[in-house]
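Residue numbers (the working numbering): -12 to 317.
Beta carbons are placed, not taken as given, at the ideal position from N, Cα and C, and that holds for glycine.
Only a predicted model underlies this, so the values are computations on that prediction, with no experimental measurement involved.
First up is the structure itself, then whatever we jot down about it.
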Ligand SMILES: C[S@@+](CC[C@H](N)C(=O)[O-])C[C@H]1O[C@@H](n2cnc3c(N)ncnc32)[C@H](O)[C@@H]1O
């Protein structure tokens, strides 16, 4: 009996201890479940946060590309507002230009007439600023960049050069200095900038080089001889030209080039939608201009070495004969 009592007591004790263990196991199971649920909740919320971060990262990247990347479109209202917020000092000059643009569009429906009037107004204020240089140092530097580039590409004194949209000879005076007398032809649509060009020529004492400076109303180049120019050059001209003006030039430039001659032009490049700001600045995709040149029977390629220089525009070279590394036009 005593043994039985003992064993009964022992049994009770064992049962109680088993129940205690069971209760404690249940408690810890419940607590583990609670912490599992809370971990799942945290995981779900951190996944949600990650997804929303990725979404906002993607939209930030899209915004950055459209704001400062090669795809940006300066003609959109969002770009203009963003730009104005970042550069409040440029709002008044932009509004002045926009007002002038509206007025000149009314007076000059054709592009050449319009741009000639823009140049007249800008040149009156400052000829160096009219060709796009903020200071005399920049004017000198931009001219030197054009000159050094062509010198590096083999421009020799005996070569004949046509400078389309020569402006006030920012690059021109260096070319005139380098070339043999009579070998430089500068043409421009603006009488005002050509008067400024003569002043540059005089200041640089280059009269003996007898350059030709001619006013033109179009880019058919009809007054120039065939097979004549070794180098044709247009710096920051197509960045201010609608496509039909560029096409006119590409349709005719082949005639005045020699067989080995080439035509280099810069343009404002976009990798997004082609657009313009007022009627002053035009942004093109490289493929558009390359295809246009090829459609006129020219070889064409983008100049990668120019891309390395500190200049915002890109450069395309065209030629009648195939360029090195270039298949002949179809
Ligand atoms: C930004 S300035 C550049 C001048 C010069 N090439 C330089 O780099 O200093 C543009 C010049 O191209 C001229 N221009 C614009 N459209 C033209 C066109 N269709 N034919 C000839 N000249 C043009 C303007 O009158 C102006 O002098």
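Looking only at C-alpha atoms, which of the options sits nearest to residue i?
i: residue 281; options: 149, 237, 226 and 156; result: 237
i: residue 57; options: 305, 306, 214 and 255; result: 255
i: residue 318; options: 117, 213 and 268; result: A question about residue 318 goes unanswered here, because the residues of the chain that appear run from -12 up to 317.
i: residue 206; options: 247, 231 and 222; result: 231
i: residue 246; options: 131, 216, 106 and 105; result: 216
i: residue 319; options: 305, 297, 225 and 194; result: This structure leaves residue 319 out entirely; the chain is present only between -12 and 317.
i: residue 310; options: 16, 295 and 289; result: 289
i: residue 300; options: 223, 284, 259 and 111; result: 223
i: residue 298; options: 132, 20, 70 and 113; result: 132
i: residue 166; options: 181, 240 and 146; result: 146
i: residue 144; options: 157, 161, 155 and 156; result: 161
i: residue 283; options: 302, 244 and 239; result: 239
Tell me whether residue i sits in a helix, a strand or coil according to DSSP, three-state version.
i: residue 300; result: coil
i: residue 290; result: coil
i: residue 12; result: helix
i: residue 253; result: strand
i: residue 95; result: coil
i: residue 118; result: coil
i: residue 73; result: helix
i: residue 240; result: helix
i: residue 260; result: coil
i: residue 224; result: coil
i: residue 181; result: helix
i: residue 247; result: strand
i: residue 231; result: helix
i: residue 143; result: coil
i: residue -5; result: In this predicted model, residue -5 has a pLDDT of only 42, less than 50, meaning its place in the structure is not dependable; the value taken from the coordinates is given anyway. It is helical.
i: residue 306; result: strand
i: residue 173; result: strand
i: residue 113; result: coil
i: residue 167; result: coil
i: residue 285; result: coil
i: residue 149; result: strand
Compute the Euclidean distance between the alpha carbons of residue i and residue j, then round it to the nearest angstrom.
i: residue 75; j: residue 83; result: 14 Å
i: residue 126; j: residue 40; result: 46 Å
i: residue 211; j: residue 77; result: 42 Å
i: residue 257; j: residue 29; result: 45 Å
i: residue 307; j: residue 89; result: 40 Å
i: residue 219; j: residue 251; result: 6 Å
i: residue -12; j: residue 11; result: Low confidence applies here, because residue -12 scores a pLDDT of 37, under 50, leaving its location unreliable and the question unanswered by this model.
i: residue 274; j: residue 203; result: 28 Å
i: residue 14; j: residue 6; result: 12 Å
i: residue 32; j: residue 45; result: 20 Å
i: residue 293; j: residue 184; result: 26 Å
i: residue 67; j: residue 61; result: 7 Å
i: residue -7; j: residue 9; result: The predicted position of residue -7 is uncertain, since its pLDDT is 41 and thus under 50; a value taken from the coordinates is nonetheless stated next. Roughly 23 Å between the two C-alpha positions.
i: residue 134; j: residue 269; result: 24 Å
i: residue 195; j: residue 235; result: 33 Å
i: residue 64; j: residue 81; result: 14 Å
i: residue 209; j: residue 177; result: 18 Å
i: residue 137; j: residue 128; result: 14 Å
i: residue 179; j: residue 111; result: 8 Å
i: residue 116; j: residue 285; result: 34 Å
i: residue 302; j: residue 189; result: 30 Å
i: residue 139; j: residue 291; result: 14 Å
Using C-beta distances below 7 Å, list every residue in its chain close to residue i, excluding the 5 sequence neighbours before and after it, in chain order.
i: residue 101; result: 91, 92, 95 and 266
i: residue 228; result: 269
i: residue 193; result: 160, 163 and 164
Give me, in chain order, the residues of the same chain whose beta-carbon lies closer than 6 Å to that of residue i; leave out the 5 immediate sequence neighbours on both sides.
i: residue 198; result: 163 and 171
i: residue 173; result: 150, 153, 159 and 200
i: residue 277; result: 287
i: residue -10; result: The pLDDT assigned to residue -10 is 41, lower than 50, so where the model puts this residue is not dependable; a value taken from the coordinates is nonetheless given after this. Within the same chain, residue -10 has no close Cβ partners at all.
i: residue 271; result: 254 and 261
i: residue 25; result: none
i: residue 104; result: 91 and 95
i: residue 259; result: 58 and 60
Are any of the Cβ atoms in chain D nearer than 8 Å to that of residue i?
i: residue 217; result: Reference to chain D is not applicable here, since this structure consists of a single protein chain.
Using only the heavy atoms of ligand 3, determine whether one of them is closer than 7 Å to the beta carbon of residue i.
i: residue 239; result: Of the ligands one can find in the structure shown, namely ligand 1, none is ligand 3.
Can you list, in chain order, the residues of its chain with a C-beta nearer than 8 Å to that of residue i? Leave out the 5 residues immediately preceding and following it.
i: residue 85; result: 265
Inset, instruction - At 3 residues or longer, and completely inside the stretch 191 to 222: list those beta strand (DSSP E) runs for me, N to C. - result: 199 to 202 and 216 to 221
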